[in-house]
Every structure is written in structure tokens, then in C-alpha cells.
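Asker: Be aware that the sequence shown starts at 581, since it is given in my numbering, and climbs by one per residue.
Have a look at this one.
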Amino acid sequence: MRLMDDLFPVALPMGTSHLKNRINSALQCELFNATQLVAKSSEFSHPTTKSGGAYSAKITNCGAMGWWSDAEGYRYTENDPRSGNPWPGMPKLFLKSLKPALYGTSAEGFEPDACLINHYAKSARMGLHQDKDEADFSHPIITISLGATADFLIGGEKRSDPPQLIIVESGDIVIMGGKSRMRFHSIRKIYPGSSPLANLDGRISLTFRKAL
Ligand code: MN
């Protein structure tokens, strides 16, 4: 006998969409390769918090703006603070892949100016946080997952609100917009060995934003 939860899965909050397997496996490989090209100009590294703690994920950016955190705090910058050079341009493939994937969704027509690329090795996580360094919260945050499966938790607008689990796999897209835009969220764990991509052991997320 099936459990009630199989028949009636718990609904996601308004403004959150989980689009499963939205990016096909060939395109997942190409997107991963494009992240490696971005990393040749702006390498992945562990950002730090203002107080000096290091994130367990490594990050880099592409696009007109990039998100960074170090002793100066969280912010978007036009240049990679490590080199002083502009962030690498957003690969055409990113926008070409994103656009059709969003047809028919609440985020159709979204035009990001920033893509924060997170790399999670098998033991990496991301603590509970809100995305609030962008200028206009009416724009959504869109994430494409590549590689290993992960537990993505989405809570409420208060840090103490109980979170809901979304298991994200390679090729999935998560949209957080509208009433979900300011929800706290985290990456609780990566499932080691679950990546379907030959050259990617951990997980990479492409998180598209409109920073300005
Ligand atoms: Mn976030």
C-alpha cells in the first residue's frame, strides 16, 4: 500500500519550483565544461566571512557582476577582488540553456546579469542564509544543478522556520521567486559518488541572479 505522501507529495511553498531533469545529460556535460573555462580566468576558491571563517564550498562567478565575500563582507563586484580583473563574461551557452528551460515557468524571460558558480566537494555544505545582496528582490534566483545529488533545504523568512527538503539531482532547476524569494535556504549534504558526469566528482551549481 502506498503512503499518503507518495500520492500527495508535500507541496513546495508558493514561488518555489523544482523542475526535475530540465537540462539533458549532453548539455549538463557542456555546461560543466563551460564552468572549467570560466575557472581558467577566475579560479574556484573558498570565500571567507568578515570574521575570517572559510566556506566549505569553492566559488567563482561570470557575468557583468559577481558575488564575493571576504574581510570586506558580502557584496557584488564588477571585478574579481582577487585579481582586480573583470569577472569572465557569461558563456553564451549558459543563457542559451537557461532560456528554453524556463519556458512556461514563473521565471520565463528572466535575464540574469550574474552567475555565481558554487563547487561542492563531497564534504562541502552551505549554511542557512537568505540571498539579499541583490538590488531588486522582485527578480528570482535560479539554480541549475550539475553532478552529485544534494539535499537542498528551503525554510521560511525567519531563520527559525522549519525547512523543507528538496533533493536536487544533476540537470534539475530550482526557481526561488515571488513569495519564496527571501526564504532561508541551505545545502545540507552532498551524496558522494552520485554524480553522473564523468569529470565532476562533487556538485556544481550555477545560480543565476539579477544583481543590479
Ligand atoms: Mn543562496
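The beta carbon of each residue, even a glycine, is placed where N, CA and C say it ideally should be.
From a predicted model like this one, the values you see are computed outputs, not experimental measurements.
Which runs of the beta strand (DSSP E) at least 3 residues long sit entirely within the stretch 628-677? Give them in chain order.
Answerer: Restricting attention to beta strand (DSSP E) runs no shorter than 3 residues, the stretch 628-677 encloses them at 638-643, 646-650, 653-657, ordered along the chain.
Asker: Quick one: give me the first and last residue of the beta strand (DSSP E) that residue 744 is part of.
Answerer: As a working note, residue 744 is residue 164 in the sequence shown. Segment 744-748, the beta strand (DSSP E) holding residue 744.
Asker: Helix, strand or coil for residue 581, going by three-state DSSP, please let me know.
Answerer: By 1-based counting over the sequence shown, the position of residue 581 is 1. With a pLDDT of only 47 at residue 581, under 50, the local geometry of the prediction cannot be trusted, and the value read off the model is given with reservation. Three-state DSSP puts residue 581 in coil, outside helix and strand.
Asker: Count the other C-beta atoms from every protein chain shown that fall within 10 angstroms of the C-beta of residue 582, then say buried if there are 16 or more, exposed otherwise.
Answerer: Looking up residue 582 in the sequence shown gives position 2. Low confidence applies to residue 582: its pLDDT is 49, below 50, so where it sits in the model is not reliable, and the reading given next is rough at best. Exposed: under 16 other Cβ atoms inside 10 Å.
Asker: Apart from the five residues on each side of it in sequence, which residues of its chain come closer than 7 Å, Cβ to Cβ, to residue 656?
Answerer: As a working mapping, residue 656 is identified with position 76 in the sequence shown. The answer, listed in chain order, is 645, 646, 647, 694, 713, 791.
Asker: Just mark residue 611 as buried or exposed, buried being the case when its beta carbon has 16 or more other beta carbons within 10 Å.
Answerer: Your numbering for residue 611 matches position 31 in the sequence shown. Classification for residue 611: buried.
Asker: Does the beta-carbon distance from residue 605 to residue 751 come in below 9 Å?
Answerer: Translated into positions along the sequence shown, residue 605 becomes position 25. Translated into positions along the sequence shown, residue 751 becomes position 171. Going by beta carbons, residue 605 and residue 751 fall inside the 9 Å limit.
Asker: Answer yes or no: the CB of residue 706 versus the heavy atoms of the ligand MN, is any distance below 8 Å?
Answerer: Stepping through the sequence shown from its first residue, residue 706 is reached at position 126. Under cutoff, so the answer is yes.
Asker: Could you spell out the range, first to last residue, of the beta strand (DSSP E) harbouring residue 549?
Answerer: With the chain represented from 581 up to 792, any question about residue 549 goes unanswered, as that position is not in the structure.
Asker: Relative to the ligand MN, is the shortest distance from any of its heavy atoms to the C-beta of residue 721 smaller than 8 Å?
Answerer: Here residue 721 refers to the residue found at position 141 when the sequence shown is read from its first residue. Yes; taking the cut-off as 8 Å, the Cβ of residue 721 has a heavy atom of the ligand MN nearer than that.
Asker: Since I believe residue 697 is in contact with residue 570 (beta carbons under 8 Å), could you give me their beta-carbon distance rounded to a whole number of angstroms?
Answerer: The chain is shown only over 581 to 792; residue 570 falls outside these bounds and no answer can be derived.
Asker: Assess contact between the stretch 657-674 and the stretch 729-748, defined as three or more Cβ pairs (one per stretch) separated by less than 8 Å. Is contact present?
Answerer: no
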